[in-house]
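**Student:** One structure, pasted below without further comment.
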């Protein structure tokens, strides 16, 4: 179903439902079908559903997404990888909505009127305000559900210490680079302790802000 019924005009909820069902049956085949969606040579070249499927993969199986991110430019182009990073960072609601009123360029033949002709200035401002509110809510839900509950999104302490430059002459132009004598167990343990304290401080700060936000919403 995910292979045949995933079309450009299908709503994202249906795409996610078919993808979830396919993943439960055979994750390896479902992963192949995701990349087949965006393949410009031997695939469907359905860029929008390709982005949505990759975003679903990132939200539910981040390790699998990271291991296969290198193949995104091979199936499509380098710009697709950059776009995917943008969607992940900003949680763009435009990607997640397949509504012709919000994105009229998806269905240009349904109505010849533009948004400026169809809606008044007050209505356009209200629509953009609602879109901004939806984007803010999606960001907060993503942070609360993934950053606080999923350990895969926490900082990896063993990846913080950068590599040592091969040439010692680089220290003259870049004195801030880590030196070889810095890469010992004592320094690494300091990095690990700093990473854990940063994670705990971030989570504590977010929980306080989230609590303030929820109290403000209740008052309204």
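Residue numbers (UniProt numbering): 1 to 220.
Ideal Cβ positions, reconstructed from N, Cα and C, are used throughout, including at glycine.
Here the structure is a predicted model, which means the values were calculated and not measured.
1. Answer with buried or exposed for residue 218, where buried requires no fewer than 16 other C-beta atoms within 10 angstroms of its C-beta.
2. Can you tell which of 75, 88, 70 has the C-alpha that lies nearest to the C-alpha of residue 52?
3. Give me the Cβ distance between residue 30 and residue 2, rounded to the nearest whole Å; I'm assuming they're in contact under 8 Å.
4. I'd like the ranges of any alpha helix (DSSP H) spanning at least 4 consecutive residues and lying wholly in the stretch 44-78.
5. For residue 38 versus residue 76, is the C-beta distance shorter than 7 Å?
6. With a cut-off of 7 Å, does the C-beta of residue 197 fall near any C-beta of chain B?
7. Using a threshold of 7 Å, state whether the C-beta atoms of residue 84 and residue 54 are closer than that.
8. Do you know how far the Cα of residue 209 is from the Cα of residue 11?
9. Are the beta-carbon atoms of residue 81 and residue 72 separated by less than 7 Å?
10. What are the boundary residues of the alpha helix (DSSP H) that includes residue 13?
11. When DSSP labels each residue in this structure, what does residue 40 get in the three-state scheme?
12. Quick one: Cα of residue 134 to Cα of residue 121, how far?
13. Does residue 81 come out as helix, strand or coil in the three-state DSSP assignment?
14. Please state whether DSSP places residue 215 in a helix, a strand or coil.
15. Cα separation between residue 78 and residue 201?
16. Any idea what DSSP makes of residue 29, helix, strand or coil?
17. Rounded to whole angstroms, what is the Cα-Cα separation between residue 25 and residue 216?
**Tutor:** Taking the geometry as given:
1. Label assigned to residue 218: exposed.
2. With distances taken between Cα atoms, residue 52 lies closest to 88.
3. With a contact defined as Cβ atoms closer than 8 Å, residue 30 and residue 2 qualify at about 7 Å.
4. Secondary structure in the stretch 44-78: the alpha helix (DSSP H) runs of 4 residues or longer, each lying completely within the stretch, are 47-60, 62-68, 72-75 in chain order.
5. It is a contact, given that the beta carbons lie within the stated cut-off.
6. The chain labelled as chain B is not found in the depicted structure, where only one protein chain is given.
7. It is a contact, given that the beta carbons lie within the stated cut-off.
8. Answer to the nearest angstrom: the Cα atoms are 34 Å apart.
9. Yes; because the gap between Cβ atoms is below 7 Å, this pair is in contact.
10. Under the DSSP assignment, residue 13 falls in the alpha helix (DSSP H) whose first and last residues are 12-25.
11. Coil, per DSSP.
12. Taken atom to atom, the span from the alpha-carbon of residue 134 to that of residue 121 is near 20 Å.
13. In the three-state scheme derived from DSSP, where H, G and I count as helix and E and B as strand, residue 81 is classed as helix.
14. Here residue 215 sits in helix by DSSP.
15. Approximately 35 Å, taken between the alpha carbons.
16. Reduced to three states, the DSSP call for residue 29 is helix.
17. Looking at the two C-alpha atoms, the distance is approximately 44 Å.
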